[in-house]
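*Asks:* If you count by mature numbering (1 follows the signal peptide of the UniProt record, and there is no 0), then the sequence shown holds residues -23 to -1, 1 to 101, one letter each, in order. Think of the CB as a built atom: it goes at the ideal place given N, C-alpha and C, for glycine as much as any other residue. What follows is a single structure, and I will ask about it in a moment.
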Amino acid sequence: MMLSVFILMTVLSLMMKIDNSISANCYTCNPCPTPFSPSSYLVRNKTGCRYCAKIRPDGYPIVVRDCTDTCEFSTWSYMFSKYSYNCCTGNFCNKSQTNYPTHQMVILLLFTIYLFVNKTSTKI
């Protein structure tokens, strides 16, 4: 039991590191069209990104999409004083209005379910 948990945790850790090192293709635009359309003349595709980001400046009716090497609040502070942002690592993942959880979250959920099922089956 403990060996299988150790192996699973090792695989999960490696997957998270691999995912963050793979480059992504991202949409970039400032400002982006509303509603968003990848075929708009305002939108460019950028390759080799570590993160794709979607930034929503507070008080402005615009959305900015960007390619970035870091995903920290200070990354866009030179552009905006107040804003919210989402980062993701999948190809063109900054398209949607909401960024869906990465596959790491799905794996974490599956691992939690596995532990729960395994724990309850040992009690029976």
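Measure how close the beta-carbons of Gln27 and Ser(-1) come, nearest whole angstrom, since I'm counting them as under 8 Å.
*Replies:* Note on residue identity: the sequence assigns Arg, not Gln, to residue 27. Their Cβ separation, rounded to whole angstroms, is 7 Å, which keeps Arg27 and Ser(-1) in contact under 8 Å.
*Asks:* Spatial neighbours of Ile39 within its chain, please: C-beta separation below 6 Å, excluding the five flanking residues on both sides.
*Replies:* Hits under 6 Å: Pro8.
*Asks:* Look at the Cβ atom of Cys6, then the Cβ atom of Val20, and state whether they are nearer than 7 Å.
*Replies:* Yes, the pair counts as a contact, with Cβ atoms nearer than the cut-off.
*Asks:* Assuming contact is defined by CB atoms lying nearer than 7 Å, are Lys23 and Asn71 in contact in what I supplied?
*Replies:* No, the Cβ-Cβ distance between Lys23 and Asn71 is not below 7 Å.
*Asks:* For Thr5, name the three-state secondary structure that DSSP assigns.
*Replies:* Three-state DSSP puts Thr5 in a strand.
*Asks:* Identify whether Asn95 lies in helix, strand or coil by the three-state DSSP scheme.
*Replies:* Three-state result, Asn95: helix.
*Asks:* Whole angstroms are fine: how far does the CA of Val83 sit from the CA of Cys65?
*Replies:* Going from the Cα of Cys65 to the Cα of Val83 covers about 14 Å.
*Asks:* Closer than 8 Å by C-beta to Ser61: which residues in its own chain qualify, once you throw out the five before and the five after it? Chain order, please.
*Replies:* Same-chain partners within the cutoff: Ile32, Arg33, Asp35.
*Asks:* Going by alpha carbons, who is nearest to Cys3 out of Ser16, Cys44, Pro12?
*Replies:* When each option's Cα is compared against that of Cys3, the closest is Cys44.
*Asks:* Mind checking which residues open and close the beta strand (DSSP E) that includes Asp43?
*Replies:* Taken as a continuous stretch (DSSP letters only), the beta strand (DSSP E) holding Asp43 covers 41 to 45.
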